[in-house]
Amino acid sequence: MPDLIVERADGVVRATLNRPDRKNAITLELFDALRSLCDEVDANDADRALVLKGVPGAFSSGADLGDRGGDGPAPGSPEALERIHAAALALHRMTKPSVAAVDGLAAGAGMSLALGCDIVIASTRARFSAIFVRRGLSIDFGLSWLLPRIVGAAKAKELSLLGDFVDANEALRIGLVSRVVNPDELDHAVEFVVHRLATGPTLAIRRDVELLQASFARTFEEAIAAECEAQAANLQTDDAREAIAAFLEKRDAEFKGR
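Residue numbers (the working numbering): 19 to 276.
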């Protein structure tokens, strides 16, 4: 079986990390596969949402520190780090909505991978840790950018400098995840959310993702200007016209993503 199982149906791409013997630890080849998948989803009009999850038992324990990659670059070499960071950038730059389904451990780059998604849904078994410091490493895979924006500077420093584990309820309290459900309800909760994303107005959703990603780099005036530009473009879409017609006709809108 491949280390990354990819399935497509009804506009949703479901990607499953498949290394149960290593708690879904991520090799360089798997980072490459994730980068390629994110680029592919973003470019493919038929793909309207992405779900990332791990095979039962863990989301991901992070980068596989035992991975020697055959004849590939040595761990920690500039080439290896460049490939890891390329995957983080591809996920961050993706304008299609992404959902992380976290059941079990999400540590190190696995935590970063989950938080890099637009929506994080966790089971009660989920545990998060910026475990890098326990391995003599600094935070990676975009976590230095993500974590302060999600939980605030003080909590981000505590989580990064101590590497403590955070259970699902605490993760919900501090904003690491958007909702927590029982393990047997996780798939249903994710499918409910991703179905709404995949059947929603794709172009408007993509523009929302872009606006929110850029928000911390903009002044309020710049944000307003970007919103005006996006809204003007939205009003020219078939989906916006369909939404207005559906409202006037008192029916549900049927969005086509154009």
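Just so it is clear, CB atoms sit at the ideal spot from N, CA and C, and this is done for glycine as well. A quick note: this is a predicted structure, and the numbers were derived from the prediction, not measured.
8 Å Cβ cutoff met for residue i and residue j
| i | j | result |
| --- | --- | --- |
| Phe-49 | Arg-101 | yes |
| Arg-66 | Lys-114 | yes |
| Glu-47 | Asp-63 | no |
| Pro-38 | Val-73 | yes |
| Asn-42 | Ser-78 | yes |
| Val-30 | Leu-55 | no |
| Gly-122 | Phe-150 | no |
| Ser-178 | Ala-222 | no |
| Ala-250 | Leu-229 | no |
| Phe-4 | Leu-194 | Residue numbering for the chain in the displayed model covers 19 to 276; residue 4 lies beyond these limits and cannot be assessed. |
| Gly-80 | Ile-44 | yes |
| Met-112 | Asp-28 | no |
| Ala-124 | Ala-144 | yes |
| Ala-174 | Leu-165 | yes |
| Ala-98 | Ala-92 | yes |
| Asp-136 | Val-227 | yes |
| Ala-216 | Ala-232 | no |
Environment of residue i [buried if 16+ CB atoms lie within 10 Å]
| i | result |
| --- | --- |
| Leu-133 | buried |
| Asp-82 | buried |
| Gly-128 | buried |
| Lys-274 | exposed |
| Pro-219 | buried |
| Arg-225 | buried |
| Lys-268 | exposed |
| Asp-202 | exposed |
| Asp-256 | exposed |
| Leu-204 | buried |
| Arg-32 | buried |
| Thr-237 | exposed |
| Gly-94 | exposed |
Residues that residue i bridges to, as DSSP identifies them
| i | result |
| --- | --- |
| Leu-35 | Leu-22, Gly-72 |
| Ala-124 | Ser-78, Phe-146 |
| Ile-44 | Ala-81 |
| Ser-116 | Leu-68 |
| Ser-141 | Val-199 |
| Val-30 | Ala-27, Ala-67 |
CB-CB length for residue i against residue j, believed under 8 Å
| i | j | result |
| --- | --- | --- |
| Ser-141 | Val-120 | 7 Å |
| Ala-264 | Ala-271 | 4 Å |
| Ile-192 | Val-169 | 5 Å |
| Val-198 | Leu-190 | 5 Å |
| Phe-161 | Ser-130 | In the sequence as displayed, the identity of residue 161 is Leu instead of Phe. So it is a contact: roughly 4 Å between Cβ atoms. |
| Asp-185 | Ala-108 | So it is not a contact: roughly 30 Å between Cβ atoms. |
Ignoring anything shorter than 3 residues, give me the beta strand (DSSP E) runs that lie fully in the segment 191-256, in order along the chain. 197-199
List, from N- to C-terminal side, the alpha helix (DSSP H) runs of 4 residues or more that fit wholly inside the segment 160-184. 161-169, 171-180
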